[in-house]
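Since the structure comes first, as structure tokens, the remarks are kept for the end.
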Amino acid sequence: LSLIIRLELGASGVWLGDEYLYNMIVTTHGVMMVFFLVMPFMMGGFGNWMLPVMLGVSDMALPRLNNLSFLMLVLALGLSGLSMVVLGGASGWTMYPPLMLGGYSPSASVDLMVLSLHIVGLSSIFGAINFIVTLYSYALQGGG
1 LSLIIRLELG
11 ASGVWLGDEY
21 LYNMIVTTHG
31 VMMVFFLVMP
41 FMMGGFGNWM
51 LPVMLGVSDM
61 ALPRLNNLSF
71 LMLVLALGLS
81 GLSMVVLGGA
91 SGWTMYPPLM
101 LGGYSPSASV
111 DLMVLSLHIV
121 GLSSIFGAIN
131 FIVTLYSYAL
141 QGGG
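So for the sequence shown, the UniProt record's numbering puts the first residue at 1; every next one is plus one.
Encoded structure:
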């Protein structure tokens with residue numbers, strides 16, 4: 001997506017030809033980078049790898065919750081991609097009005113994007129619960 005943004009900025013109107021499509025790609029790129037790359041992989045991915053190593057255990061305390069957290073991330077990624085297929089909302093990655101209101105984004109794409117962000121938030125909360133339970137049960141109580 002960033003390559004498409006760079007190509008469009010280099011020769012405006014040649015690649016996409018539509019400012020709505022450009023805004024949609026910028027929105028999707030921002031949301032994907034912040035909510036699907038930085039947060040899940042930097043926090044969740046490294047945490048799932050480092051916390052058991054630091055505690056000297058083989059796995060997290062709640063592996064099924066860990067799996068549910070990952071599956072919710074995949075579901076949210078699919079919903080975010082679906083919102084782009086439905087002519088995604090061109091509201092910027094902050095999703096502030098007026099661009100996210102019905103007159104500017106008439107399809108259900110903004111709703112799908114907001115739903116995917118809520119699911120990513122739940123995934124992050126489940127991962128945090130798993131980190132806290134693992135830390136409490138293995139490190140503070142000596143179970144390992």
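Beta carbons: idealized from backbone N, C-alpha and C, even for Gly.
The structure presented is a predicted model; accordingly, all values stated were derived computationally and were not measured.
Own chain, CB closer than 8 Å to MET43, minus 5 neighbours either side, in chain order
SER124 and GLY127
For the alpha helix (DSSP H) that contains ALA76, what are its first and last residues?
63–85
I need the straight-line Cα distance from ASN66 to TYR136, nearest angstrom please.
16 Å
The alpha helix (DSSP H) spanning TYR136 covers which residue range?
Note, TYR136: premise wrong, no alpha helix (DSSP H); not H, not E.
Given a cut-off of 7 Å on the beta-carbon distance, is the pair MET72 and LEU122 in contact?
yes
Between the alpha carbons of MET24 and PHE41, how many angstroms are there, rounded?
24 Å
How is the alpha helix (DSSP H) around GLY47 delimited, first residue to last?
46–55
PHE35 versus SER83, SER116, SER107 and ALA108, residue with shortest Cα-Cα distance:
SER116
Integer-rounded CB distance, given that SER69 should sit under 8 Å from MET32:
That belief does not hold up - the Cβ atoms of MET32 and SER69 are roughly 18 Å apart, past 8 Å.
Check whether VAL120 and ALA76 have beta carbons under 7 Å apart
yes
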